[in-house]
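Trainee: Before I ask anything, let me first share the structure, which is written out below as structure tokens.
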């Protein structure tokens, strides 16, 4: 496939990791970074994640494709502005929520140039130094409301992410946001809340540090995630997240009731039910 | 150090993993397994985790050291019986709760031969096939109420687990159970409850399977743990677990209130608080 000039807006964990892939898979002829955080901009250049940094306006002029990897609240304000300024460039977003964003450009005359994506990959770290080689490979990527995008834009986008090694799944924005609440957003809420629980209850840092096993680290690691990235995700997907959070609290209350009533039989039943996750997560 | 004949009662995840280490580190001259589950007994022999299987009574007669790696409810009923039958053998337990067990043999004439340990290692898998080479290395192990054990028994035990590569921490049983609730037991409860939440809300297994990212897997993996092992742990440590579970539910309710009231400022504050876990878990 013909290489393109690609601008990445937000060269952090996601944008930086994608930049590595776009270069390695020979998809980009030139990688332009747009980054409002000057420390991140400098670091991204040092790490050679992108070839050069530009202002957003210059990047739009000099790129064939503009990829947005910024917090989802900034995405909603920036995407319509970018669509106002483009000619025939393809604009792609990689955000974790989709309904509000797609709604924000629904009637835009350039709507067709925009392709909405959500790669199911991330880590609890952030910034360009968190970018990972080989990220996204063998992971799923969700393409939302593809029929609202121009055919050429969708075709190019699919080819690119297939070349990177991702499985493309198509669904509408509402279904995406619902599933994302279940399989990603709630995990982050529980992890943040667990960290606060332990920090509140366990006053001896040294004890946590010395005793924490892999199990604890595994359930709490997402609590290290970037609040500036996650708060807007939770707010944009608040109805779905609230729905699953309410269910989660009521599930925890079942465990609580078992312990209060010393009902070991029901406790075993709850845990055997939870074991069914094995049929999905090996 | 002189090699000893060691009996392992319960050759599953923990007992099997320890058996591998006892052999590799040249601590055992002979490894005797005691296993009530006949499938596990056969599998443990096939995997050569132990040299032979014996009844508990024969194992007690033929071993210098008896190590218990069975569910904590079985531990409480079996330990006094074993102490009744031993001469000068050392008896070690590796259970995840300590107060009730230590209480159960407090006034036993052979109390001194018993050493109470809890290695801070495990996985969500169980049975002899789950035994892992190199487990325990560079992990912490808690030695409880060491002053109630005979000096020679404590000294031998410390040497063994140091040779295996573990950091030995000493504390009393009450402190152990409290810390264990914070840094291990609550992680299992939240993970079990999260699995039930997602299985309840997400009726499409295929969607979870296709979309689940590493973050979801990380927070939910402990839900695959063995209920027969974990229910007795939660029951024995129910007061501490209830205490931390109540705190966890109230932390989750803070997230819920933020979403309900669209209070992004407080949401950010909660997440920034949770980020402080970074100072402990790198």
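Residue numbers (this note's numbering), protein chains in the order written: chain D, 4 to 285; chain U, 4 to 285.
All residues carry an ideal CB built from backbone N, CA and C; glycine is no exception.
Which residues does DSSP pair with residue 99 (chain U) in a beta bridge?
Mentor: Beta-bridge pairing links residue 99 (chain U) to no other residue.
Trainee: Would you mind reading off the limits of the beta strand (DSSP E) that contains residue 122 (chain D)?
Mentor: 117-122
Trainee: With a threshold of 8 angstroms between beta carbons, is residue 139 (chain D) in contact with chain U?
Mentor: With 8 angstroms as the cut-off, residue 139 (chain D) does not count as an interface residue toward chain U.
Trainee: For a contact defined as C-beta to C-beta under 8 angstroms, what are the partners of residue 208 (chain U) on chain D?
Mentor: 282 and 283
Trainee: For the alpha helix (DSSP H) containing residue 196 (chain D), list its first residue and its last residue.
Mentor: 189-204
Trainee: Could you list which residues in chain D have their beta carbon closer than 9 angstroms to that of residue 230 (chain U), in chain order?
Mentor: 270, 271, 272, 273, 274, 275, 277 and 278
Trainee: Would the beta-carbon of residue 135 (chain D) fall within 8 angstroms of that of residue 214 (chain U)?
Mentor: no
Trainee: Is it right to say residue 274 (chain D) is buried, meaning 16 or more other beta carbons lie within 10 angstroms of its own, or is it exposed?
Mentor: In this structure residue 274 (chain D) is buried. Its beta-carbon is surrounded by 16 or more other beta-carbon atoms within 10 angstroms.
Trainee: Is there a C-beta anywhere in chain U that falls below 8 angstroms from the one on residue 71 (chain D)?
Mentor: no
Trainee: Which residues does DSSP pair with residue 27 (chain D) in a beta bridge?
Mentor: Residue 27 (chain D) is not bridged to any residue.
Trainee: What residue does the beta strand (DSSP E) around residue 234 (chain D) start on, and which one ends it?
Mentor: That residue, residue 234 (chain D), is in no beta strand (DSSP E); its alpha helix (DSSP H) goes 230-239.
Trainee: Return the residue from the list U:175, U:176, U:146 and U:35 that minimises the CA-CA distance to residue 162 (chain U).
Mentor: U:146
Trainee: According to DSSP, is residue 52 (chain U) part of a helix, a strand, or is it coil?
Mentor: coil
Trainee: What are the residues of the region 88-102 of chain D that lie near chain A, defined by any Cβ-Cβ distance shorter than 7 angstroms?
Mentor: Given the protein chain composition of this structure (D and U), no chain A is represented.
Trainee: Determine the extent of the beta strand (DSSP E) in which residue 84 (chain D) is found, giving its start and end residues.
Mentor: From DSSP, residue 84 (chain D) is part of no beta strand (DSSP E) but of the alpha helix (DSSP H) over 75-88.
Trainee: Can you list, in chain order, the residues of its chain with a C-beta nearer than 8 angstroms to that of residue 116 (chain D)? Leave out the 5 residues immediately preceding and following it.
Mentor: 86, 89, 91, 92, 93, 94, 152, 153 and 156
Trainee: By the three-class DSSP mapping on this structure, what secondary structure does residue 36 (chain U) have?
Mentor: strand
Trainee: Taking the beta carbon of residue 109 (chain D) as the centre, do at least 16 other beta carbons fall within 10 Å, making it buried, or is it exposed?
Mentor: exposed
Trainee: Find out if the Cβ-Cβ distance for the pair residue 190 (chain D), residue 197 (chain U) is shorter than 8 angstroms.
Mentor: yes
Trainee: Using C-beta distances below 8 angstroms, list every residue in its chain close to residue 63 (chain D), excluding the 5 sequence neighbours before and after it, in chain order.
Mentor: Closer than 8 angstroms at the Cβ level, and outside the excluded window around residue 63 (chain D), lie 10, 69, 85, 88, 89 and 92.
Trainee: If the cut is a Cβ gap below 9 angstroms, which residues of chain D does residue 164 (chain U) touch?
Mentor: Ordered by position in chain D, no residue passes the 9 angstroms Cβ test against residue 164 (chain U), which lies about 15 angstroms from the chain.
Trainee: DSSP three-state label for residue 8 (chain D), please.
Mentor: strand
Trainee: In angstroms with no decimal places, state the Cα-to-Cα distance between residue 297 (chain U) and residue 53 (chain U).
Mentor: Nothing can be reported for residue 297 (chain U): it is not among the residues displayed for chain U, which extend from 4 to 285.
Trainee: Three or more beta-carbon pairs under 8 angstroms between the region 116-128 of chain U and the region 204-224 of chain D, yes or no?
Mentor: yes
Trainee: What is the DSSP secondary structure of residue 108 (chain U), reduced to helix, strand or coil?
Mentor: coil
Trainee: By DSSP, does residue 69 (chain U) sit in helix, in strand, or in coil?
Mentor: Here residue 69 (chain U) sits in strand by DSSP.
Trainee: Mind listing which residues of the region 124-149 of chain U have their C-beta closer than 9 angstroms to chain D's C-betas, in chain order?
Mentor: 124, 125, 126, 127, 142, 143 and 145
Trainee: Checking contacts by CB at 8 angstroms: is residue 18 (chain D) closer than that to chain U?
Mentor: no
Trainee: What does residue 198 (chain U) reach in chain D if we use C-beta pairs closer than 7 angstroms?
Mentor: 277 and 280
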